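Please read the structure below before turning to the comments.
Residue numbers (my numbering), protein chains in the order written: chain A, 294 to 385; chain B, 118 to 335.
Here it is, written out as structure tokens:
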């Protein structure tokens, strides 16, 4: 096996590990707050896939920048919208 | 075997004068498309965020009805397919047609297995009357809000499955083309771009899994 295949295998093993972890975390009684560790782990898994399976780690800066751009805009959208909902009383 | 390992240079299209420039342009183009996809799915994730915030209790009750182990199994299947696809791209890059076709076959079968598992899950939802609409039957504090959970579930996993289906069709097309001709081996960017699409579809699922299967697992 060449070096690149071994690297891919390591990433797959890490992804499986993170999947087991995120599933286990969901069973920890945290009230309704399990989504925070779950999403943190999802972001970690996404990072591994983008950097290694999508080869961004070995790509030009232009590709790196583009790959980040979408997620930056999306986090702005999510952040500003939820800010509106949590900062004013919501009729029940 | 000589036929299966191409050593000829990559085909250069106008206006490119070197393979590196052509490759970067192809990858950049695909990433720009993927950014629009992030925002397309992002709209639905925003809807999920707002409704979950507004109807937390109903979402927790509805989440009870999800089979977390099916979601976990599907995540594992999809991760493995992402792995075989990444290796397929590497095979295409080094001109190894035999391994490219083998890895494409594995990826395709894993993708099809994912759709089969998801199809089975949809079936159980129909049987349990958890499909939004006239037949929706849910006993809980707020059935209307619980219905929203399932509307989001079917819309988002459905849109994800549609992307999977397109991916499977593309793998089939490029696989058959590669099996029948040596020409695609001189166009490795096609495979790299397809690999990016497939990895992106994996990523979407990595967020659907905790948001729909790990809400309140039992």
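Ideal placement from N, C-alpha and C gives every residue a C-beta, glycine not left out. Here the structure is a predicted model, which means the values were calculated and not measured.
- Rounded to whole angstroms, the separation of the alpha carbons of residue 232 of chain B and residue 278 of chain B is 7 Å.
- Put simply, the backbone Cα of residue 274 of chain B is about 31 Å away from that of residue 142 of chain B.
- Under the Cβ criterion of 8 Å, residue 305 of chain A is counted among the residues facing chain B.
- Neighbours of residue 328 of chain A in chain B, taken as residues whose beta carbon is under 9 Å from its own, are 169, 327, 328, 331 and 332 in chain order.
- The residue among A:351, A:359 and A:338 with its C-alpha nearest the C-alpha of residue 321 of chain B is A:338.
- Contacts between residue 185 of chain B and chain A, judged by CB atoms closer than 8 Å, involve 316 and 319 in chain order.
- Counting along the chain, no alpha helix (DSSP H) covers residue 245 of chain B, and no H or E run does either.
- Ranked by Cα distance from residue 182 of chain B, the options B:301, B:295, B:266 and B:311 are led by B:266.
- For residue 369 of chain A, the nearest beta carbon of chain B is not closer than 8 Å to its own beta carbon.
- Nearest CB-CB separation between residue 351 of chain A and chain B: not below the 8 Å threshold.
- Buried is the label assigned to residue 319 of chain B, since at least 16 other Cβ atoms lie within 10 Å of its Cβ.
- The beta carbon of residue 135 of chain B lies closer than 8 Å to those of 129 in the same chain, with the five residues before and after it left out.
- Residue-level contact check: residue 155 of chain B touches chain A, since one or more beta carbons of chain A fall below 8 Å from its beta carbon.
- Per the C-alpha coordinates, the member of B:200, B:173, B:292 and B:157 positioned closest to residue 348 of chain A is B:200.
- Nearest neighbour of residue 329 of chain B by Cα position, chosen from B:162, B:196 and B:257, turns out to be B:162.
- For residue 347 of chain A, the chain B residues whose Cβ falls inside 7 Å of its Cβ are 313 and 316, in order along the chain.
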